[in-house]
Amino acid sequence: MAIRVAQIGTGNVGAHALKALITNPEFQLTGVWVSSRSKAGKDAGELAGLADSTGVHASTDLDAVLATGPQCAVYTAMADNRLPEALDDYRRILAAGSTSSAAVPSSCNTRGK
Numbered sequence: 001m002a003i004r005v006a007q008i009g010t011g012n013v014g015a016h017a018l019k020a021l022i023t024n025p026e027f028q029l030t031g032v033w034v035s036s037r038s039k040a041g042k043d044a045g046e047l048a049g050l051a052d053s054t055g056v057h058a059s060t061d062l063d064a065v066l067a068t069g070p071q072c073a074v075y076t077a078m079a080d081n082r083l084p085e086a087l088d089d090y091r092r093i094l095a096a097g098s099t100s101s102a103a104v105p106s107s108c109n110t111r112g113k
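Quick note, the sequence shown lines up with residues 1 to 113 if you use UniProt numbering.
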């Protein structure tokens, strides 16, 4: 069974993480959070630079993304430049029931543990 994952942030690092989540069958992408209104509503595949659509559309509403029920959140939303907001994001992610909040998709792998 695939690990349900939400991608938080789609900048330089986030786009690469998103592509890895989409193309790896061990993961099921549940939602994508973006800070930019220009990215809101776009398909995750497009944001990752892929030709195929995923059916998962980006949102600026973190609560809506977390309501998709991810087991893990891949957080790449520039935490170093916005520490108070990032800490609040982490709290919200963990309070929503995500078992971990990671900077890279491989950290979400819970198999064999």
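Positions of the beta carbon are idealized from the N, C-alpha and C atoms, including for glycine.
Looking at C-alpha atoms only, which residue of the options is the closest neighbour of residue i?
{"i": "Ala96", "options": "His16, Ser53, Leu87, Thr68", "result": "Thr68"}
{"i": "Gly14", "options": "Thr23, Arg37, Leu62, Val32", "result": "Val32"}
{"i": "Asp88", "options": "Cys72, Gln71, Asp63", "result": "Asp63"}
{"i": "Ser59", "options": "Leu18, Ile3, Ile22, Ile8", "result": "Ile8"}
{"i": "Asp43", "options": "Glu85, Pro25, Thr10", "result": "Thr10"}
{"i": "Met1", "options": "Lys19, Leu83, Asn24, Val56", "result": "Asn24"}
{"i": "Gly45", "options": "Arg37, Asp61, Ala20", "result": "Ala20"}
What is the C-beta distance between residue i and residue j, in whole angstroms, given that I count them as a contact (C-beta under 8 Å)?
{"i": "Lys39", "j": "Leu47", "result": "6 Å"}
{"i": "Ile22", "j": "Thr54", "result": "6 Å"}
Report the partner residues of residue i according to the DSSP bridge assignment.
{"i": "Gln7", "result": "Val32, Val74"}
{"i": "Ser98", "result": "Paired residues: none, contrary to the question."}
{"i": "Asp43", "result": "His57"}
In angstroms with no decimal places, state the Cα-to-Cα distance between residue i and residue j.
{"i": "Thr99", "j": "Ala73", "result": "8 Å"}
{"i": "Ser35", "j": "Gln71", "result": "21 Å"}
{"i": "Thr76", "j": "Ala17", "result": "8 Å"}
{"i": "Gln28", "j": "Leu94", "result": "19 Å"}
{"i": "Glu26", "j": "Val65", "result": "20 Å"}
{"i": "Lys113", "j": "Thr30", "result": "Low confidence applies to Lys113: its pLDDT is 46, below 50, so where it sits in the model is not reliable, and the reading given next is rough at best. In a straight line, the C-alpha of Lys113 is about 23 Å away from that of Thr30."}
{"i": "Arg82", "j": "Arg92", "result": "15 Å"}
{"i": "Tyr90", "j": "Pro84", "result": "10 Å"}
{"i": "Asp61", "j": "Ala6", "result": "12 Å"}
{"i": "Ala86", "j": "Arg37", "result": "19 Å"}
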